[in-house]
Amino acid sequence: MLIKFNVIVCYNTYKNLVYKINVICEKFRSIWEFFPDKLNKGEYEFNDQNFLNGYCDSNSCDSAFERINGGCLYLFKQIFGTSELFKSVANSNINIVEYILIWLSYMLNLKEQPGNDNNLNFFYSTTIDNDKYKISITGVENDYKNYKDLIDKKKYFLGMDKKIISNFYEAFKLLCEMYAEFDDKSSYCANCSKNASNFVNKYKEMNQDSVINSNDYYKQLLSTLSNDYINFKNHCNSSGNCKDYPDLPKIENMQTSAHISEDTSASSSVTNKLFTVLSIFGVIAFLLGISYKRKAKKYKEENESLIYDLKSSDYFRNSNDDLHMLRNCLLGSNF
Numbered sequence: 001m002l003i004k005f006n007v008i009v010c011y012n013t014y015k016n017l018v019y020k021i022n023v024i025c026e027k028f029r030s031i032w033e034f035f036p037d038k039l040n041k042g043e044y045e046f047n048d049q050n051f052l053n054g055y056c057d058s059n060s061c062d063s064a065f066e067r068i069n070g071g072c073l074y075l076f077k078q079i080f081g082t083s084e085l086f087k088s089v090a091n092s093n094i095n096i097v098e099y100i101l102i103w104l105s106y107m108l109n110l111k112e113q114p115g116n117d118n119n120l121n122f123f124y125s126t127t128i129d130n131d132k133y134k135i136s137i138t139g140v141e142n143d144y145k146n147y148k149d150l151i152d153k154k155k156y157f158l159g160m161d162k163k164i165i166s167n168f169y170e171a172f173k174l175l176c177e178m179y180a181e182f183d184d185k186s187s188y189c190a191n192c193s194k195n196a197s198n199f200v201n202k203y204k205e206m207n208q209d210s211v212i213n214s215n216d217y218y219k220q221l222l223s224t225l226s227n228d229y230i231n232f233k234n235h236c237n238s239s240g241n242c243k244d245y246p247d248l249p250k251i252e253n254m255q256t257s258a259h260i261s262e263d264t265s266a267s268s269s270v271t272n273k274l275f276t277v278l279s280i281f282g283v284i285a286f287l288l289g290i291s292y293k294r295k296a297k298k299y300k301e302e303n304e305s306l307i308y309d310l311k312s313s314d315y316f317r318n319s320n321d322d323l324h325m326l327r328n329c330l331l332g333s334n335f
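Note that UniProt numbering has the sequence shown beginning at 1, numbered continuously upward.
See the structure below:
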């Protein structure tokens with residue numbers, strides 16, 4: 001029963017991670033629907049003039065710059081606005097701030113903005129350093145004071161190349177499209193597979209870019225995208241037919257001392273990891289449908305029986321991906 005419980009927890013953990021990223025992507029999809037990320041005849045386009053008014057001064061967004069600011073505030077409020085959202089939607093993971101800043105940078109760079117500084121620097125100095133970004137996030141004040149504090153943790157964005165930002169933005173949109181298309185009840189998702197291939201191709205392109213793989217901050221962004229893709233792929237494998245989804249290459253020149261992800265909330269304790277390592281062979285036995293009816297067998301006899309069954313099983317020889325996924329889940333390597 002303990003082994004079965006571990007497998008169920010593993011499956012539900014991936015499902016929960018996928019659900020949370022999909023909720024986050026839904027917030028971005030609302031922005032994309034009403035405030036497209038493409039210019040129309042050289043100007044920003046608004047499909048709903050009132051969508052972001054509640055996030056602008058006097059409840060009215062009177063310029064494109066104000067709407068971009070409203071969109072940024074909307075995303076922060078919808079994802080980090082309360083301690084409940086912070087924990088349930090953002091999963092206490094401030095790397096989600098990177099996705100918001102990617103959107104913000106991309107939208108600002110569609111057109112030249114006022115000021116002599118680069119677009120994001122100008123936005124930061126004139127807009128982020130105001131009261132709306134300094135509203136306390138109730139319940140997490142001991143860790144993060146407000147939206148500005150979250151942004152300041154990722155302040156390196158201010159110096160990022162806008163062409164590099166465009167590449168990350170494209171990859172993020174592909175990731176969200178992949179999440180949006182997937183359905184737990186469907187055995188196969190053709191659009192998901194296509195989006196996954198496009199995402200991996202884009203990821204490989206960025207990973208081989210010398211500008212990106214020589215910069216620790218860019219590699220941290222790659223790592224954030226990689227984790228969300230791997231979690232999706234593992235959940236998809238456990239509930240559907242996603243074995244044709246390509247794997248991601250390792251991040252070029254990634255150093256263990258580089259900027260480590262702050263998403264440690266779901267990591268297992270050392271004790272739990274040691275325990276689950278010892279449970280791996282038991283989990284494999286469960287997956288293969290092996291059951292031992294005789295409780296009084298000696299350990300040596302049980303072990304020999306298990307080894308024989310594993311060696312003779314075609315399923316075992318063809319299930320390396322699933323077992324590797326399960327091992328990663330149990331060891332907490334993707335959380």
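Each residue gets a CB set at the ideal place from its N, CA and C atoms; glycine is no exception. Bear in mind the structure is a predicted one, so any value in this text is a computation, not a measurement.
Within 8 Å, do at least three Cβ pairs link the segment 161-179 to the segment 192-199? yes
Helix, strand or coil at S63 according to DSSP, with G and I counted as helix: The residue given as residue 63 occupies position 63 in the sequence shown. Looking at S63 - three-state DSSP - the assignment turns out to be coil, as it is neither helix nor strand.
Report all residues from its chain with a CB closer than 6 Å to the CB of F157; omit the five preceding and five following residues, and keep chain order. Along the sequence shown, read from residue 1 onward, the residue named residue 157 stands at position 157. If we look at F157 and ignore the five residues flanking it on each side, its Cβ neighbours are L101.
Using three-state DSSP, classify S30 as helix, strand or coil. Within the sequence shown, the letter at position 30 stands for residue 30. Helix.
Tell me which residue opens and which closes the alpha helix (DSSP H) that S166 is part of. The residue you call residue 166 lines up with position 166 of the sequence shown. Residues 162-181.
Enumerate in chain order the residues of its own chain whose CB-to-CB distance from N207 is below 7 Å, with the five nearest sequence positions on each side excluded. By 1-based counting over the sequence shown, the position of residue 207 is 207. Cβ within range, chain order: N213, L222, P249, I251, E252.
Measuring CB atoms only, is the segment 133-140 touching the segment 76-91, in the sense that at least three cross pairs come out at less than 8 Å? yes
F199 versus Y144, N130, N227, residue with shortest Cα-Cα distance: Along the sequence shown, one-based indexing puts residue 199 at 199. Of the candidates Y144, N130, N227, the one whose C-alpha sits nearest the C-alpha of F199 is N227.
Please report the distance separating the alpha-carbon of D152 from that of T127. The residue given as residue 152 occupies position 152 in the sequence shown. The residue given as residue 127 occupies position 127 in the sequence shown. Rounded to the nearest angstrom, the two C-alpha atoms are 13 Å apart.
CB contact flag (I165, S105, <8 Å): Taking the sequence shown and counting its residues from 1, one reaches residue 165 at position 165. Taking the sequence shown and counting its residues from 1, one reaches residue 105 at position 105. Yes.
In terms of DSSP beta bridges, what is N146 paired with? As a first step, residue 146 is located in the sequence shown; it is residue number 146 there, counting from the start. Paired residues: S136.
Indicate the three-state DSSP secondary structure (helix, strand or coil) for N237 in the structure shown. Locating residue 237 in the sequence shown gives position 237, where the first residue counts as 1. It is helical.
Could you give the distance in angstroms between the alpha-carbon of K77 and the alpha-carbon of Y133? The sequence position of residue 77 within the sequence shown is 77, counting from 1. The sequence position of residue 133 within the sequence shown is 133, counting from 1. Each residue's Cα considered, the two are about 10 Å apart.
How many Å lie between residue 340 and D216 at the Cα? Since the first residue of the chain shown is 1 and the last is 335, residue 340 is not available in this structure.
Could you check where the alpha helix (DSSP H) with K202 kicks off and where it finishes? Residue 202 sits at position 202 when you count from the first residue of the sequence shown. Note, K202: alpha helix (DSSP H), 190-207.
Would the beta-carbon of W103 fall within 8 Å of that of F28? The residue labelled residue 103 in the question sits at position 103 within the sequence shown. The residue labelled residue 28 in the question sits at position 28 within the sequence shown. For W103 and F28, yes; Cβs fall inside 8 Å.
From the DSSP output, which residues share a beta bridge with N231? Numbered from its first residue, the sequence shown carries residue 231 at position 231. Answer is none; N231 lacks a bridge partner.
Which of the three DSSP states, helix, strand or coil, is assigned to E84? The residue you call residue 84 lines up with position 84 of the sequence shown. The answer is helix: DSSP assigns E84 an H, G or I state.
In whole angstroms, what is the alpha-carbon distance linking N47 and N231? Mapped onto the sequence shown, residue 47 falls at position 47. Mapped onto the sequence shown, residue 231 falls at position 231. Cα to Cα, the separation comes out at about 33 Å.
Residue(s) in a DSSP beta bridge with N40: Indexing the sequence shown from 1 puts residue 40 at position 40. According to DSSP, which records beta bridges pairwise, N40 is partnered with E43.
With DSSP run on the structure shown, which of helix, strand or coil describes K243? Taking the first residue of the sequence shown as position 1, residue 243 is located at position 243. Coil at K243, not helix or strand.
Compare the Cα-Cα distances from I96 to each of I24, D62, Y44, S88 and report the closest residue. For the purposes of this step, residue 96 is taken as the residue at position 96 of the sequence shown. Ranking I24, D62, Y44, S88 by Cα distance to I96 puts I24 first.
Measure how close the beta-carbons of residue 353 and I79 come, nearest whole angstrom, since I'm counting them as under 8 Å. Nothing about residue 353 can be read from this structure; the chain reaches only from 1 to 335.
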